[in-house]
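Take the sequence shown: its letters are residues 4 to 431, numbered as in my numbering. All residues carry an ideal CB built from backbone N, CA and C; glycine is no exception. First the structure, in the form of structure tokens, and then the observations on it.
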Amino acid sequence: MVYALFTTAGSVFRGSAVCMYSMADIRNVFNGPFAHKHGHNYQWTEYTGKIPYPRPGTCPGGTFTPGIRSSKNFSDEAVNFIRAHPLMIHPVYPIHRRPLVVRTGVDYRFTALVVDQVDAVDGRYEVLFLGTDRGTVQKVIVLPKDPTSMEELTLEEVEVFRSRAPVKTMKISSKRQQLYVSSDAGLTQVSLHRCGVYGRACSDCCLARDPYCAWDGESCSAFTPSTKRRSRRQDVKHGDPLRQCRGFNAKVEKRLRETVQFGVEGSSTFLECQPRSPQATVKWLFQREGKRKVTPAVSFPFLQLNRVGGVLKTNHGILLKSLNQSDAGLYHCLATENNFKHTVARVALRILDRDIVLALTAQDEDEEPKTRQAGPYTQPSLVSTPFPPEIRLINQYCQSYWEQLSPRQQQRKRTSRRHTEGQDQGLG
């Protein structure tokens with residue numbers, strides 16, 4: 004197989020394409036008839052005359068020209084024929100007569116291409132690494148869709164340079180399992196597989212359809228061919244977690260944590276949900292507080308909610324506008340790919356009363372600045388005061404925010420504070 008990369012030259016239309024050709028098709032075309040200009044209009048037609056020896060395109064010293072060691076020994080007749088007939092009458096078509104990969108309407112072009120052959124559980128696959136003029140590398144696999152067509156699947160895109168320097172050349176090291184990428188900015192190396200980015204579930208690893216990766220029972224890790232077929236779970240051709248991940252899918256649903264998010268009445272809030280696979284479709288389900296019934300919230304394609312403010316969809320989640328108390332409840336983010344449905348996120352949205360939030364956060368304008376700076380600030384105790392549910396939610400929000408900080412962040416804040424105090428004491 005021969006892979007070829009094509010890009011547009013002008014700036015009006017930007018596009019790139021990758022085509023795959025068969026060496027047998029190329030050989031048949033070059034062994035076929037030559038093109039010849041004939042007639043008053045000098046139209047290209049098939050040449051039917053005598054072809055000199057050696058046939059143009061034949062390498063000297065080969066099977067058919069054992070007595071000729073160099074093209075300098077070609078006869079004048081052969082040289083003149085090559086000058087007059089530089090083209091073949093038949094074109095070389097790519098396999099299935101269509102490109103493997105096409106990019107149009109994007110702000111980048113492909114600049115480099117390398118291909119790696121990877122052995123997986125269900126066969127051998129070609130993985131394409133495509134460098135772009137913005138300093139990224141796309142990892143693409145081409146899968147058979149039916150007997151007459153192929154489909155491309157983008158596994159990931161990696162930024163390999165800090166600056167947006169166009170990729171010049173790439174080289175694969177199968178021994179080190181590394182991809183070496185060069186540009187005018189420098190040279191870097193990237194691992195051929197980053198299985199951990201696909202997720203920590205068997206379904207995520209299976210849906211990724213990366214021939215470099217497989218589920219080993221605990222994590223998505225690099226695949227190595229083994230005699231034990233069932234020792235690693237992998238399905239590159241179909242990507243079917245229902246068949247490959249039996250017994251693991253229910254465990255993932257149980258381990259999924261419910262996150263609590265707060266919003267202020269009248270404002271907007273963003274519910275984040277980003278499936279790891281770009282091929283997944285997302286649907287939101289909404290469950291009101293105190294009710295067991297789950298109703299559709301918003302799905303892609305976009306559907307309007309029965310609410311005043313409306314919803315704005317993005318690739319990373321949904322934005323709820325003009326919140327009200329009826330928006331409080333549990334939101335389920337459901338992803339579907341290859342007929343496999345799984346919950347990506349559960350967000351419990353709680354709505355805070357707008358007036359109470361403003362009253363607690365507003366500063367007292369009558370208070371003198373000197374009075375505020377006279378002594379250290381003391382946080383009022385809300386625990387001992389009987390307060391309405393809204394204040395309890397605000398207190399819970401502050402507590403949950405502090406708990407979400409990593410221990411390293413908390414330790415860093417405490418350490419820097421002690422360091423500052425020590426400097427103050429030394430200067431004193």
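- Beta-bridge analysis with DSSP links Val-104 to Val-21.
- With a minimum length of 4 residues, the unbroken runs of alpha helix (DSSP H) contained wholly in the stretch 321-368 fall at 357-364.
- The residue among Lys-171, Met-173, Gln-192 and Ala-188 with its C-alpha nearest the C-alpha of Arg-179 is Gln-192.
- DSSP assignment within the stretch 263-290 yields the following whole beta strand (DSSP E) runs of 3 residues or more, N-terminal first: 272-275.
- Inter-residue distance for Asp-122 and Thr-66 is about 35 Å (C-alpha atoms, whole angstroms).
- Residue range 189-194 is occupied by the beta strand (DSSP E) that includes Val-193.
- For Met-26, the uninterrupted alpha helix (DSSP H) run begins and ends at 26-33, by DSSP.
- With a cutoff of 8 Å on beta-carbon distance, Arg-353 and Ala-331 are scored as near each other.
- Under DSSP, His-41 forms a beta bridge with Gln-46.
- The criterion of a C-beta distance shorter than 8 Å is satisfied by Leu-274 and Gln-264.
- By DSSP's assignment, Asp-125 forms no beta bridge with any residue.
- If you keep only unbroken alpha helix (DSSP H) runs of at least 4 residues inside the stretch 44-92, you get 79-87.
- In its chain, beyond the 5 residues on either side, Ala-20 have a beta carbon closer than 6 Å to the beta carbon of Val-105.
- Judged by their CB atoms, Leu-333 and Gln-277 are not nearer to each other than the 8 Å cut-off.
- As the crow flies, the alpha-carbon of Ala-211 is around 11 Å from that of Ile-144.
- Under the DSSP assignment, Ser-206 falls in the alpha helix (DSSP H) whose first and last residues are 205-211.
- Residue range 244-247 is occupied by the alpha helix (DSSP H) that includes Pro-244.
- The beta carbon of Pro-55 sits closer than 8 Å to those of Ser-78, Glu-80, Ala-81 and Phe-84, all from its chain and outside the five residues before and after it, given in chain order.
- Bounds of the beta strand (DSSP E) holding Pro-147 are 139-149.
- C-alpha of Gln-120 to C-alpha of Val-130: approximately 6 Å in a straight line.
- Contact check for Ile-98 against Met-23 passes: the beta carbons are separated by less than 8 Å.
- For the options Val-314, Val-360, Ile-359 and Thr-139, the alpha carbon positioned closest to that of Leu-182 is the one of Thr-139.
- For Leu-315, DSSP records a beta bridge to Leu-322.
- Taking all protein chains in view, the Cβ of Gly-242 is crowded by 16 or more other Cβ atoms within 10 Å, so the residue is classified as buried.
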